[in-house]
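Each remark here refers to the structure printed beneath this line.
Residue numbers (my numbering): 8 to 461.
Given below as C-alpha cells:
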C-alpha cells in the first residue's frame, strides 16, 4: 500500500466528481432560461442515483470477476469484500487493477466515471424530458449499457487489454467506454425523444454563455483527475496523462475557434469552450499511451472534426440539443482511433500494443472493432430502453409544459426572475410562477438550435 498513490487517487476521484456539476453548468448555458434549473438538476441528481446504484450492483457488474468476458459476477454486490486491502488482493475474485491503493479507492474512482457517463447523454434531449421517466432511464442505462461496456473495456472483458485472448483495444480513460458509449446513446435518445417544439422555426439560442465557459473550465480542471487518475497511481504515466490532457484541450480550443472564425467571420467564445471539451474527449483514450506532440495533433484534429460534425447535425434536422453526438460520439471515435495510430511503449510500457506509426498496424483494427461494437450495442440497447419507456411512462412532457418550461413544470422553481426594483436577477421558489412573455418571432434557418456550432 502506498500512501502517496492513495492520496492521489482519492483527490482524482474528487476531481472527476466535480466534473458532473460542471457539465450541468456547461449544458445549462446552452438551454433557454426557462429550462436552466431542470438541466442542472439532470446532471446533479445522477450523482445521487448512480452513486447508490454503483455501490449496490453497478460496481460488481463492471469490475467483478468476469463471466465469460461479458459481465462481472456478483461477488462485490453491495461493495461486499471491497475494503481497505489493496485492489489486487480482494478476498474473492481476480481484480488486479491498482496494487498500491485500497480497493475502495479504486471503486470510488470508477464510480465517478459511472456517474458522468449517463449525465453526458442528457444534452441530447434537453428541454423536453419528463423527469420521472428520466430517472428510470438513467438507472436502466447505467446497469444495462454502461456496466457491460465498462466490463468489456476496463474490466476483465473481451474488448480490453486485460483479456489477452480478446480484441485488446487500448482505452486508457474511456474514449470508447464513456464517450463513444454516451454519443451512441445520445443519437438514439435524440431520435426517440424527437424534436423540441418549435425546433427550426423559433429561436433557441444559448441563454447564458458565461455558464458555458464556466462549465467548460470546470470540466477542463476535473479532466486532469479523469485522465491522470486512470494511471491508478502517482506515477510517470499519470504525469504524462496530465500533460497531454492539457495540451490536447488547448489545441482543440484553438482549432475549433479558428475553424468557426474562418466560416463565420467571428472568433466564437462558445466555439473555444466547446473545442476545449472536444479535445478533452479525444485525448481521453490516448492519454496514457501518447506523447505530447501527438496530443497537439489529436486535439487539433478533434476541434475541426467535431465542429464540422456540429454543422452536419444542424443540416440533418436531428435535434441533438447540445451536440452530444458531435462532441462525444465523434470526438471519442477519433480519439479511440488516434490511440491506435500514436500509442507508444515509451509512455505505456506496452511493447505489444503500440500504434500504427510505431510499427503495429493491427492495433488500428483492434481500435476499430471496439469503436464499432460500442456504437452498435449502445445505440440498440438505448433505443430499446427508451422505446419501452415511451410506451409505458412516456418520455416527454406535454406541449403546454414544454412551452412553460421544465423548471416550473417539473420542479416548481425558476432560475431567474427580474426584480423590477433593482433590475437584478434573483432566485424565486414558487410552484406556479407566471410564464415569461413569449419572445418576438424571428426567422431562423431550418435545423438551427442551441447546440455548440458557433
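Ideal Cβ positions, reconstructed from N, Cα and C, are used throughout, including at glycine.
Distance from the CA atom of residue 80 to the CA atom of residue 315, rounded to whole angstroms, is 42 Å. Take the alpha-carbon of residue 266 and the one of residue 260: they are about 10 Å apart.
With the rule of 3 Cβ pairs closer than 8 Å, the region 337-352 does not count as touching the region 149-160. The secondary-structure analysis by DSSP pairs residue 136 across a beta bridge with 403. Looking only at 178, 214, 158 and 19, the smallest Cα-Cα distance to residue 75 is reached by 158.
Note that the region 243-253 does not touch the region 212-219; fewer than 3 beta-carbon pairs, one per stretch, sit closer than 8 Å. Excluding five sequence positions before and after residue 105, the CB atoms of its chain that fall closer than 8 Å to its own CB belong to 12, 16, 93, 94, 95, 112, 113, 239 and 240, given in chain order. In the displayed model, residue 421 falls within a strand according to three-state DSSP. Under the three-state reduction of DSSP output, residue 409 falls in the helix class. Under the criterion of beta carbons closer than 8 Å, residue 331 and residue 44 do not qualify as touching, at roughly 20 Å. Taking 8 Å as the cut-off, the Cβ atoms of residue 72 and residue 91 do not count as close. DSSP places residue 176 within a strand segment (E or B) once states are collapsed to three. One thing to note: residue 404 has its Cβ no nearer than 8 Å to the Cβ of residue 396. DSSP lists 78 as the bridge partner or partners of residue 74. Residue 407 sits away from residue 131, with the two beta carbons spaced by 8 Å or more. Contact between residue 351 and residue 297 holds, since their C-beta atoms are separated by about 7 Å, short of 8 Å. Nearest C-alpha to residue 25 among 35, 51 and 40: 51. In the structure shown, residue 167 falls within a strand segment according to DSSP collapsed to helix, strand and coil.
Selection 268, 258, 275 and 299 evaluated against residue 286 yields 258 as nearest (Cα-Cα). Sequence-distant partners of residue 47 (beyond 5 residues in either direction) whose C-beta falls short of 6 Å from its own C-beta, in its chain, are 31 and 35.
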